[in-house]
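In this note's numbering, the protein residues as written are 313 to 428.
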């Protein structure tokens, strides 16, 4: 036979804690532990926003370089605009664009051959 009535056991299972639980020897150390946890969470949020910001700026630069290449702007000009020390760095950005162009050209030729 269970030691708790059904209603009491169900209320124990369904209730959730709404407060921080710290096992500290003094009130001061509990406050410090809570502040430390909050500061670590804030640091994590700042790091995540910083990573998102870097990703957005990287995407914008890559998009600008791709559009410039598709409009016929020379790679040397694009490289200088992006602030790269060498043209080979910029060519790394634009290699994917060239691969996409080759795939698109192949698709046009295959569609022509098979009459699609």
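Even glycine gets a Cβ: it sits at the ideal position worked out from N, Cα and C. Given the structure is predicted, the values throughout are model-derived calculations rather than measurements.
- Of the other Cβ atoms in all chains shown, 16 or more fall within 10 Å of the Cβ of residue 391; this residue is therefore buried.
- Pairing residue 395 with residue 424, the inter-Cα distance amounts to about 42 Å.
- Residue environment for residue 381: buried (at least 16 other C-beta atoms within 10 angstroms of its C-beta).
- When secondary structure is reduced to three states using DSSP, residue 383 falls in the coil class, being assigned neither helix nor strand.
- The Cβ-Cβ distance between residue 405 and residue 372 does not fall below 9 Å.
- As summarised for the region 343 to 414, the continuous alpha helix (DSSP H) elements at least 4 residues long and confined to that stretch are 387 to 394, given in chain order.
- Rounded to the nearest angstrom, the gap between the Cα atoms of residue 411 and residue 417 is 10 Å.
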